[in-house]
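J.: Pasting in a structure now, in structure tokens, and then I'll have a few things to ask.
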Amino acid sequence: MRLHRFLVLAALPLLALAVVACSPQAEATDADLAGEAPPEDASFPLSAKGAWTMERLLALDHESTVALWKTLPAAGMAELDGHYQGVIPNAGDHERQTRTSDFMYAEDSVRGYWLGKAYRPLAETEGEGYNRWRFPDGEIVRNGRFATRMGPSLIDGQPSYIMDYSAFSDTTLVDEIRKLDEGVYLGVGTTETEDGGRSAPGHFALVGPTDEWVGAEE
């Protein structure tokens, strides 16, 4: 089991590269960004106060997620605390759905099935976190640690909640979180390119908190 977990940790930088490498820069129409309030009978509201439902969140695709992220305010350091469910919306994009499913949601892979991320604030503008994965025997692995801070985005220079994986591993992966709604957050991830720039962003969404911080196993 220790060897299995080591292989998972070793695969995380490769996972990051695969997620962001095939992600083109995105633009969105006004219709993508405007949206409408969910109906009162929505089957999966994401919070008691928010306007977003899981149906509406999963109706986003890569381009609209990244474009919407660019319009949002940074998530606050203090508000992200605990475990958060992770989803990767790829509505209408079968190729990207298949690629994401094979790489992020395969329990029998070395990485496991991605459940989401966890956060803990340590100071007013700094904190820490990790990723969570599920395996076929029901084991939940907590690894892929990152340091968090408030700072300017590496993508557009605007305020972002920054997740820096280089604090705990040999990788250039940086994720950035912005707040979409109460308990709903959009994230993008980039890696450093050979010319010192940043790759086209990958995307994900977080919902929660679902339960309390436990701590990484690394």
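In this text, residue positions in the sequence shown follow this note's numbering: the first is 117, and each later residue adds one.
Heads up, the beta-carbon is just placed ideally off N, CA and C, and yes, glycines get one too.
Rounded to whole angstroms, how far is the Cβ of L322 from the Cβ of G303, which I believe are closer than 8 Å?
T.: Confirmed, Cβ separation roughly 6 Å.
J.: What residue does the alpha helix (DSSP H) around V330 start on, and which one ends it?
T.: Run containing V330: none; DSSP gives neither H nor E here.
J.: Determine whether the beta carbon atoms of V193 and G243 lie at a separation below 8 Å.
T.: The sequence given here places Met at residue 193; Val does not occur at that position. Result yes, Cβ atoms of M193 and G243 sit closer than 8 Å.
J.: Can you tell me whether DSSP reads T169 as helix, strand or coil?
T.: Three-state DSSP puts T169 in a strand.
J.: Buried or exposed for S217, please, with buried defined as at least 16 other CB atoms from any protein chain shown within 10 angstroms of its CB.
T.: That one is exposed.
J.: In three-state terms, what does DSSP make of A234?
T.: Strand.
J.: For L188, collect the residues of the same chain with a Cβ closer than 7 Å to its Cβ; drop the 5 residues on either side in sequence, then sort them by chain order.
T.: Contacts found: R294, K295, L296 and L302.
J.: According to DSSP, is A239 helix, strand or coil?
T.: Three-state result, A239: coil.
J.: Grab me the residues of Q141's own chain with a C-beta within less than 6 Å of its C-beta, minus the 5 sequence neighbours each way, in chain order.
T.: Residue confidence is low: Q141 scores 40 on pLDDT, short of 50, so the model does not pin down where it sits. Its coordinate-derived value is still stated next. Taken in chain order, the residues that qualify are A316.
J.: Please work out which residues of its chain come closer than 6 Å, Cβ to Cβ, to T309, disregarding the five sequence neighbours upstream and downstream, and give them in chain order.
T.: Cβ neighbours of T309 beyond the five flanking positions: S315.
J.: If you run the structure through DSSP and keep just helix, strand and coil, what is E195?
T.: Note: E195 maps to coil in three-state DSSP.
J.: Going by C-alpha to C-alpha distance, which of A239, Q274, V182 and G254 sits closest to A263?
T.: The shortest Cα separation from A263 among A239, Q274, V182 and G254 belongs to A239.
J.: For Y221, collect the residues of the same chain with a Cβ closer than 6 Å to its Cβ; drop the 5 residues on either side in sequence, then sort them by chain order.
T.: So the list reads Y229, once near-sequence residues are dropped.
J.: Check each candidate in A191, T214 and R248 and name the one with the smallest Cα separation from D327.
T.: Of the listed residues, the one whose Cα sits closest to D327 is R248.
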